[in-house]
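Since the structure comes first, as structure tokens, the remarks are kept for the end.
See below:
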């Protein structure tokens, strides 16, 4: 849990301080907000991993905060509320909340739920973001960076790079690459593969050498474990 940043939004100061102290003992960094306006400001200015959000808040209520966060982020949101109405829970889930706890609640259970949400979130991020040395691919946004600089890849160059990565250290024939990237119904010839490999190598330099030519056969994306 060390390194996780939580935004705790709760207007009841005694409860907020109690929860904050307990979370900090678990090695969690806690950012506090007592109203909706402050919550949005803290969220916009810091890298937050999970939001614990009360519903009844001054200035902006929790539903508004949840909706605003969901417009820009998929981080986990755990709703805290004294209301136990099923319709409220369903409304919260419809807005994008990930979990829901009613007051009073167990601090141990809260931490357990936070840990579960954080673990799930990190697993999703690892699936969506691929990093090989200084090459980073964000599959969700289709953005590629090399040495923290954006790469302008064509859609097929992007697909080709992903295909190589997903089949790393395997010798891939041109036919297999053509089928995997362009599809079985593609009527072009095998030179299409060579042309795109050449362009991709140039764009990802100096990592272009990772795409090794298998003479008389095809290519292999060589990455050491």
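In my numbering, the protein residues as written are 12 to 236.
C-beta: ideal position from N, C-alpha, C; glycine also.
Predicted model only: the values in this text are computed from it and were never measured.
Quick check: the stretch 114-121 against the stretch 171-185, are at least 3 beta-carbon pairs closer than 8 Å?
no
Backbone CA spacing between residue 201 and residue 178 [nearest angstrom]
19 Å
Examine the Cβ distances between the stretch 77-92 and the stretch 58-65 and report whether three or more of them are shorter than 8 Å.
yes
With a 10 Å radius around its C-beta and 16 neighbouring C-beta atoms as the bar for buried, classify residue 104 as buried or exposed.
It is exposed - the Cβ of residue 104 has fewer than 16 other Cβ atoms within 10 Å.
With a cut-off of 8 Å on the beta carbons, I'd call residue 146 and residue 218 a contact; round off their distance for me.
6 Å
C-beta contact flag for residue 53 and residue 17 at 8 Å:
no
Reduced DSSP secondary structure (H/G/I, E/B, other) of residue 152
Three-state result, residue 152: coil.
Kindly identify the DSSP beta-bridge partner or partners of residue 140.
149
Looking only at its chain, what residues have a beta carbon closer than 7 Å to the beta carbon of residue 108, apart from the 5 residues adjacent to it on each side?
These residues qualify, in order along the chain: 77, 88, 90.
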